[in-house]
Amino acid sequence: MALAGCGQQPTVDAQAGERLEAAARGAGLITDPKGSLVGAWMRDTDRVCIIPGAGGATRIGALVNYSDGQACAAAGTLERSGERVGVIFGDCRFDARFDGERLTFPAELPVACERMCQGRASLAALVVERQGASASEAATLRAPDGTLLCGA
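Each residue of the sequence shown is one higher than the one before, starting from 52 at the first, in this note's numbering.
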């Protein structure tokens with residue numbers, strides 16, 4: 052009996068995994084790491100907005116607001132390449148990561164990013180999750196001074 056299975060290779064459907072993943076994405080069970088970033092993002096008091104901008108640019112704004120004098124507000128653009136998200140807040144430039152669920156800023160940021168913050172607040176290691184895919188909702192995010200962070 053042990054020899055009965057020898058010489059036969061099991062048949063593997065190489066596309067079964069791809070179909071399963073596509074079905075899971077379609078059912079909303081998993082998100083596509085190559086999908087759109089447009090929308091409102093948040094975790095606790097941290098907020099990020101991402102909207103389409105003029106000329107094909109994508110606008111991004113970030114807000115970290117712990118209390119009076121402890122906040123960061125930044126606005127700029129992003130460039131996307133797969134999971135890598137190049138964030139440009141003026142002289143503050145870094146690569147964030149998008150895994151399909153979360154947008155994560157690196158734990159160490161350039162010194163220029165400190166100018167976006169007051170007190171001990173920092174944009175470093177900011178992690179946010181999508182709250183909505185509406186560009187109009189995302190466009191309402193404001194800095195503590197009332198400035199629209201994703202506004203043109």
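C-beta: ideal position from N, C-alpha, C; glycine also.
Residues of its chain near residue i, where Cβ-Cβ distance is below 6 Å and the 5 sequence neighbours each way are ignored
i	result
A124	L114, A194
G112	C100, A126, L192, L200, C201
T93	Contrary to the premise, residue 93 reads as Met rather than Thr in this sequence. Cβ within range, chain order: V179, Q182.
Nearest-angstrom beta carbon gap, residue j and residue i [assumed within contact, 8 Å]
i	j	result
G120	Q66	With a Cβ gap of about 56 Å, G120 and Q66 do not count as contacting.
A190	L199	7 Å
R144	E134	The pair is not a contact, with the Cβ atoms about 17 Å apart (cut-off 8 Å).
V136	L88	7 Å
Short Cβ contact (8 Å threshold) for residue i with residue j
i	j	result
L129	T109	yes
A105	E188	no
P157	D142	no
A184	Y117	no
Residue i, enclosing beta strand (DSSP E) - first and last residue
i	result
E180	178-183
S118	109-118
A91	90-94
Boundaries (first-last residue) of the alpha helix (DSSP H) holding residue i
i	result
S132	Run containing S132: none in the alpha helix (DSSP H); it sits in the beta strand (DSSP E), 121-132.
8 Å CB neighbourhood of residue i in its chain, flanking five on each side removed
i	result
A175	F156, P157, A158, E159, L160, C164
P103	V89, T109, R110, A186
Any chain D beta carbon closer than 8 Å to residue i
i	result
R148	Absent from the structure: chain D. Only one protein chain is present.
Neighbourhood of residue i by C-beta, 7 Å cutoff - its chain only, sequence neighbours within 5 removed
i	result
M167	C123, A124, A125, F140, C143, L174
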